[in-house]
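Undergrad:
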Amino acid sequence: MPVLPGPPPVEITLRRSARARRFSLRVSRLDGRVTLSLPMGAREAEAMAFVRDQEGWLRQALAGVPQTAVVGLGTLLPVEGRRLTIREGKGRSPRIEDDSLLVPGDPARVAVRVATFLQARARDRLAEACDRHAGALERPYARLTLRDTRSRWGSCTADGSLMFSWRLILAPPEVLDYVAAHEVAHLAEMNHSPAFWAVVQRLLPGYAAPRRWLKTHGQVLHGFRFGA
């Protein structure tokens with residue numbers, strides 16, 4: 001893998017494509033990975049010359065990537081919009097107490113136990129929100145699943161299955177509620193037409209503010225690492 005000299009050095013992933021007609025750089029907002037797309041016949045030396053010409057833009061883009069935090073004891077973690085410090089606890093299960101998330105057991109398994117706790121909490125909150133919005137719409141959904149998705153916060157399939165990122169539990173409650181209303185609205189309108197947004201407005205008046213929060217701050221929620 002070629003490297004742009006530092007400071008700091010930057011690894012460049014080369015991706016050759018028969019469809020590419022020119023060099024194209026992309027910086028992932030999720031993990032800072034730098035990908036250079038290039039035509040099949042282009043030489044690597046030419047590709048790296050292009051990267052050097054774009055170094056100023058590249059380093060500015062990398063500076064805007066949210067920092068990654070490995071979750072463990074002492075981590076300050078947002079949970080339903082509250083900033084909680086992860087601390088060692090007693091008992092059998094993690095629990096929230098004042099401004100702390102208390103996690104019992106082996107410190108080496110704190111991240112895993114916190115992730116499990118958050119996923120269960122996310123499922124409860126999303127099920128309640130989806131039941132409420134689907135009831136108001138009088139359109140039942142088929143099932144609800146959680147994933148750690150990177151490209152979207154939720155989805156709705158043609159058969160009425162709803163999927164959400166469990167990391168929504170890290171956001172303020174009104175943001176999770178907005179995403180639930182958004183996906184439930186697709187049960188009536190499988191598009192993003194004015195009719196769809198009218199359904200969202202009916203389900204959640206004032207949805208614009210949590211939608212804006214998610215666009216502005218959502219990437220930060222992907223900066224917490226709960227495992228290798």
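Following UniProt numbering, the residues of the sequence shown are numbered contiguously, the last one being 228.
By construction, the Cβ of each residue, glycine as well, lies at the ideal position given by its N, Cα and C atoms.
Just so it is clear, the structure is predicted and the values come from calculations on it, not from any experiment.
#1: What does the alpha-carbon distance come out to for the pair Arg113 and Arg132?
#2: Any idea what DSSP makes of Leu204, helix, strand or coil?
#3: State the Cα-Cα distance for the pair Pro104 and Thr75, rounded to the nearest angstrom.
#4: Confirm, please, whether the CB-CB distance from Val65 to Gly32 is below 7 Å.
#5: Have a look at Phe196, Trp153 and Asn191 and flag the residue whose alpha-carbon is nearest the alpha-carbon of Asp177.
#6: Does DSSP classify Pro39 as helix, strand or coil?
#7: Take every Cβ of the segment 135-142, pair it with every Cβ of the segment 189-197, and state whether three or more of those distances are shorter than 8 Å.
#8: So Ser165 and Arg143 are supposed to be a Cβ contact under 8 Å. How far apart are they, rounded?
#9: Since Pro78 is in the beta strand (DSSP E), which residue starts that stretch and which ends it?
#10: Excluding the five sequence neighbours on either side, which residues of its own chain have a C-beta within less than 7 Å of the C-beta of Ala188, listed in chain order?
TA: The relevant details are as follows:
#1: Between Arg113 and Arg132, the C-alpha separation is close to 29 Å.
#2: In the structure shown, Leu204 sits in coil (DSSP, three-state: anything other than H, G, I, E or B).
#3: Near 15 Å, if we compare the C-alpha coordinates of Thr75 and Pro104.
#4: Yes.
#5: Here the closest residue by C-alpha is Trp153.
#6: Collapsing the DSSP output to three states places Pro39 in a strand.
#7: Using a Cβ-Cβ distance cut-off of 8 Å, the segment 135-142 and the segment 189-197 are not in contact, since fewer than three pairs of beta carbons, one from each stretch, lie closer than that value.
#8: Taking 8 Å as the upper bound for CB-CB distance, Ser165 and Arg143 are not in contact here, some 16 Å apart.
#9: For Pro78, the enclosing beta strand (DSSP E) stretches over residues Leu76 to Val79.
#10: Correct list, in chain order: Leu137, Arg139 and Val199.
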